[in-house]
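Novice: So for the sequence shown, numbering that gives the first Met the number 0 puts the first residue at 0; every next one is plus one.
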Amino acid sequence: MVMAVGFLAVIPSRGLAQAPLNPEIQIGLVQRFGEERDDQLVLTPLNGDTLTVTFETGGQPQTITTQELTLAVGANPLPQPVLQEWVVLSSHRSFESAEESANQWIAKGIAAEVA
0 MVMAVGFLAV IPSRGLAQAP LNPEIQIGLV QRFGEERDDQ LVLTPLNGDT
50 LTVTFETGGQ PQTITTQELT LAVGANPLPQ PVLQEWVVLS SHRSFESAEE
100 SANQWIAKGI AAEVA
């Protein structure tokens with residue numbers, strides 16, 4: 000299955016033998032994915048799991064469950080320009096040190112996100 004999407008909610012779920020965890024993750028594709036027109040990203044669950052994907056087609060919500068999801072690059076103009084700005088508070092080599100720094104900013108009352 001090949002789908003071109005800009006934003007996607009992927010919900011991994013456990014097999015029938017275990018109680019489902021069903022965490023919802025939001026995926027933002029950044030950095031070098033999409034530099035080439037034929038770039039693809041294949042998402043697969045752990046053995047025994049499935050991916051439940053929710054998206055809109057023609058303004059209607061759709062949900063599918065699959066063993067593999069391939070994301071491909073597509074060029075679509077935005078209906079309205081979108082301005083997004085970030086202030087980078089610090090740069091780190093590991094998630095753990097970035098998370099520690101973010102928690103320090105949050106303790107001071109400043110909203111922080113590890114990205």
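Backbone N, C-alpha and C define an ideal beta-carbon position, used for all residues, glycine too.
1) Just verifying my parser: in three-state terms, what is the DSSP assignment at Glu34?
2) Report the partner residues of Pro60 according to the DSSP bridge assignment.
3) Would Val72 and Arg36 qualify as a contact pair, given that the criterion is a beta-carbon distance under 8 Å?
4) What separation, rounded to the nearest whole angstrom, lies between the Cα atoms of Gly14 and Lys107?
5) Please list the terminal residues of the continuous alpha helix (DSSP H) segment that includes Gln79.
6) Given a cut-off of 8 Å, decide if Thr65 and Leu50 are closer than it, judged by their beta-carbon atoms.
7) Assuming Leu40 contacts Leu70 (C-beta within less than 8 Å), just tell me the rounded distance between them.
8) Buried or exposed, going by whether 16 or more other CB atoms sit within 10 Å of the CB of Leu68?
9) Can you give me the C-alpha to C-alpha distance between Val52 and Thr43, rounded to a whole angstrom?
10) From Ala101 to Ile63, what does the alpha carbon distance come to, in whole angstroms?
11) Check Gln66 in the structure and name its three-state DSSP category.
Specialist: For this structure:
1) coil
2) Glu55
3) yes
4) Unreliable placement is indicated for Gly14, whose pLDDT of 47 sits below 50; the coordinate value is still reported in the next sentence. Roughly 42 Å separates the two Cα atoms.
5) Per DSSP, Gln79 belongs to no alpha helix (DSSP H) and is neither H nor E.
6) yes
7) 4 Å
8) buried
9) 12 Å
10) 35 Å
11) coil
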